[in-house]
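Worksheet: one structure, shown below.
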Amino acid sequence: MNANLPDSTALGAVSSALDEETARAEIYGLLSQLFYAPPTSELLAQIRVAATEAPAAGGFLEEPWRELVAAARELGDPAIQDEYIALFGGVGKPEIYLYGSHYLSGFLNEKPLARLRTDLAALGLARNDAMSETEDHIAYLCEVMRYLIAGDDAAVSNLAKQRDFFVVHVLPWSARMC
73 MNANLPDSTA LGAVSSALDE ETARAEIYGL LSQLFYAPPT SELLAQIRVA ATEAPAAGGF
133 LEEPWRELVA AARELGDPAI QDEYIALFGG VGKPEIYLYG SHYLSGFLNE KPLARLRTDL
193 AALGLARNDA MSETEDHIAY LCEVMRYLIA GDDAAVSNLA KQRDFFVVHV LPWSARMC
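In this text, residue positions in the sequence shown follow our numbering: the first is 73, and each later residue adds one.
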């Protein structure tokens, strides 16, 4: 055996880890789309044809994924889009707020948003002025998590930054939103 050749078991572990990272980034990207606006007909069509069998049985997201695909298959586009508006939008107070500041301070655009902006600037990120939502919107935070997982800059896109950002800006309030 040549000591200079990598162990195939180690290569399999690296490949598996990369597959998991890609899947995590894709889930965050999908969540971002689903929380930002009513899902488009194109997105719903993609969900409807998605595979529902996990590569390895018993995964944490296996059953929720099946339920999401089943719901998309059972309901028409207008019903799903109307449900989004009923839950997250519409006239007046939404049934469910999608902003971290609301859950952390009781108000929108408060100190948690200022801290988030400081942390985003430290990561070299800033809000796109074309985006109507503030940075503490769950869709924005999901996009940041996606970037921290799949971005090209290893100084920013790494497991430590993912964990730190998640623990400070997503974990403290996201369960209450759900």
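Positions of the beta carbon are idealized from the N, C-alpha and C atoms, including for glycine.
Buried/exposed call for residue i, threshold 16 Cβ in 10 Å
i, result
"ALA211", "buried"
"PHE107", "buried"
"LEU220", "buried"
"LEU133", "exposed"
"ALA75", "Low confidence applies here, because ALA75 scores a pLDDT of 45, under 50, leaving its location unreliable; read the following figure in that light. Exposed: under 16 other Cβ atoms inside 10 Å."
"VAL86", "Its pLDDT being 44, under 50, VAL86 is placed unreliably by the model, and the measurement read from it follows with that caveat. VAL86 should be labelled exposed."
Test item: CB-CB of residue i and residue j under 9 Å
i, j, result
"THR206", "LEU185", "yes"
"PRO111", "ASP149", "yes"
"GLY101", "ARG218", "yes"
"LEU195", "VAL216", "yes"
"ALA97", "ALA227", "no"
"VAL240", "ASP201", "no"
"ALA142", "THR124", "yes"
Assumed close pair residue i, residue j - CB separation to whole angstroms, cut-off 8 Å
i, j, result
"ARG138", "ARG120", "Not confirmed; about 13 Å, so no contact."
"LEU103", "CYS214", "5 Å"
"GLY172", "ASP208", "4 Å"
"MET249", "ILE168", "6 Å"
"LEU115", "GLN105", "6 Å"
For the 8 Å Cβ check, are there 3 or more pairs between the segment 223 to 243 and the segment 147 to 167?
Taking 8 Å as the limit for Cβ pairs, the verdict is that the segment 147 to 167 does not touch the segment 223 to 243.
Counting only runs that start and end within the segment 83 to 142, where is the alpha helix (DSSP H) found for 4 or more residues in a row?
113 to 120
If we require 4 or more residues per run, which alpha helix (DSSP H) segments fall completely within the segment 145 to 226?
149 to 160, 172 to 177, 183 to 194, 210 to 222
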